[in-house]
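Undergrad: Residue 240 in our numbering sits at position 249 of the sequence shown, with consecutive numbering throughout.
Backbone N, C-alpha and C define an ideal beta-carbon position, used for all residues, glycine too.
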Amino acid sequence: MKLVIQIPCYNEESALPVTLAALPKHIDGIDDIEVLIINDGSTDRTVEIAKSFGVKNFVDMPHNCGLAKAFVAGLQKSIEIGADIIVNTDADNQYCADDIEKLVKPVLSGEADIVIGSRPVSQIEHFSPLKKVLQKLGSAVMRIVSSTEVEDAPSGFRAFSRSAALQINVFDNYTYTMETIIQARAKGLVLKSIPIRVNADLRKSKLVKNMFDYIRRSVFTMLRMFLIYRPFRFFAIIAGIFLVLGTILGLRFLYYYIFSSGSGHIQSLILSAILIITGVQVAVIAVLSELMSINRKLLEDIQRRLKDLK
C-alpha cells in the first residue's frame, strides 16, 4: 500500500523545511510513503530545499498556474507513480502532519473515498472573527448545496483513495476545495470529516488575499458546480418558480372573470401565459441538461478507465 503526500508549492523556501521535517515516516497499514512537490512556478529555492530533504518526485508547472491546477497536476502524477492513497497538504505547515494517519485510516479501512480534515476554526488565533464566521457560514451553505456533512469545506488537508483521485476533475482556476466536494457527492463517492489540529501561522495566506473576493469566487464556484452536477434540479427549480407564479396569476384572472364583471385584468392573463410558457421551456431545458449530464458521466467513466491504464 503506497501513500503519496502531495504538496503544492509557490515560493515556499522559508516554510517548506518545517513542513517536510514534520511529515510522518511510518503509518500502520502503509508500506511506502513518498512525497510529491508540485512546483507552481516558484522563483526561489523551493525545489532545491525539497531535494535536500530527499524528495524525488516533482511536478514542474510552466508558470504560476494557481492552486487548483497544481492540485490536479499532483493527483495525476500521484496516480502515475502508483499511489493507492493520496494526501494533499499545504506547504505552510498549517495542518498538523501527525494527523495524516487519521486522514488515511478511513480510506485504508474502506469507510470513505475522500477524508477531509476539519479544523477547529473557532480556536484558530490568527483567524479574524469575521473570517471565522464566514468559514462556518460557507461550510454550512456547502453542506446544503452538496448534500454532505462536511464540516470544514475550505480545508485543503485531504486524503483520497486511488479510485476517487481517478474520478476527480477540477474546472475552477482558483481553488479545488468546494468543487471537489460537490463533484464527489454527485459521483457517489463517500466523504468523511474528521477533526484535525493546526499549527501556528508561518505566513499569510496566498490564496485568500481579499476575503470578499474569496467569497465571490466561492459562491460562483458553488453555483457553477451545482449547475454542472445537478442540472435537472437546478433548472427544475427555476421552471417550478415560473410555473407556480404563472398559475397563481392565471387563477387570479379566472377569479375576477367568474366572480366579477367578466372583463378586465387582461394583463394578469398575458403575464400568466408568458410565465407558464417560460416555465415549460425551462422544464424542457432541464430534461435536455439531464440527458447531457448522462453523456458527461459516460465520458468521465471512459476518462477514468484511460487514466487507470496509464
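Kindly indicate which residue of I232, E140, L180 and S284 has the alpha-carbon position closest to the one of L218.
TA: With distances taken between Cα atoms, L218 lies closest to S284.
Undergrad: Can you list, in chain order, the residues of its chain whose CB lies under 8 Å from that of P15, leaving out five sequence neighbours each side?
TA: For P15, where only same-chain residues beyond five positions count, the Cβ hits under 8 Å are I24, A88, D89, I91 and E92.
Undergrad: Which first and last residues belong to the alpha helix (DSSP H) in which Q67 is found?
TA: Looking at the DSSP string, the run of the alpha helix (DSSP H) that includes Q67 is L58 to E71.
Undergrad: Over what stretch of residues does the alpha helix (DSSP H) that includes G129 continue unbroken?
TA: Where G129 is concerned, the enclosing alpha helix (DSSP H) stretches over P120 to S137.
Undergrad: In the structure shown, what three-state DSSP assignment does D51 receive?
TA: If DSSP states are grouped into helix, strand and coil, D51 belongs with the strands.
Undergrad: Determine the direct distance from the alpha carbon of L236 to that of E140, and round the result to whole angstroms.
TA: Each residue's Cα considered, the two are about 33 Å apart.
Undergrad: Reducing DSSP to helix, strand and coil, say where A150 ends up.
TA: It is a strand residue.
Undergrad: Thinking C-alpha only, which one of P8, G231 and E291 is nearest A277?
TA: Minimum Cα distance to A277 is reached at G231.
Undergrad: What would DSSP say about N286, mapped onto helix, strand or coil?
TA: Of the three classes helix, strand and coil, the one that applies to N286 here is helix, per DSSP.
Undergrad: Out of curiosity, what's the CA-to-CA distance linking L240 and V271?
TA: One C-alpha to the other measures close to 16 Å.
Undergrad: Using the three-state DSSP reduction, which class does E25 fall into: helix, strand or coil?
TA: Note: E25 maps to strand in three-state DSSP.
Undergrad: Taking all protein chains shown into account, do 16 or more other C-beta atoms lie within 10 angstroms of the C-beta of S259, making it buried, or fewer, making it exposed?
TA: S259 comes out buried.
Undergrad: Specify the secondary structure class of G108 as computed by DSSP and reduced to three states.
TA: In the structure shown, G108 sits in a strand (DSSP, three-state: E or B).
Undergrad: What did DSSP end up calling L14 once you bin it into helix, strand or coil?
TA: Reduced to three states, the DSSP call for L14 is coil.
Undergrad: Along the chain, where does the beta strand (DSSP E) containing L182 start, and where does it finish?
TA: Note, L182: beta strand (DSSP E), L182 to P186.
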